[in-house]
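In the numbering used here, the protein residues as written are 4 to 74.
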């Protein structure tokens, strides 16, 4: 496989994320979210294909909003 074909296959747009990619994304999201909220439970990811791209919805419950300041 030449490098151009490999690059195309690695960086081409895809229709879906793998379960591993979803878990990685949600892990990153939870880490950032924890800076702003005291989260309660497991967040849910809903990824839907649209005419213009994707609709990405993340739903989570929070017990409180943390105090934070712009640095």
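Each residue gets a CB set at the ideal place from its N, CA and C atoms; glycine is no exception.
Check: For residue 28, three-class secondary structure by DSSP; Outcome: helix
Check: Close-in-space but distant-in-sequence residues of the same chain around residue 65 (CB under 7 Å, 5 per side omitted); Outcome: 40, 41, 42, 43
Check: Distance between residue 29 and residue 67 (C-alpha atoms, nearest Å); Outcome: 20 Å
Check: Which of helix, strand or coil DSSP assigns to residue 35; Outcome: helix
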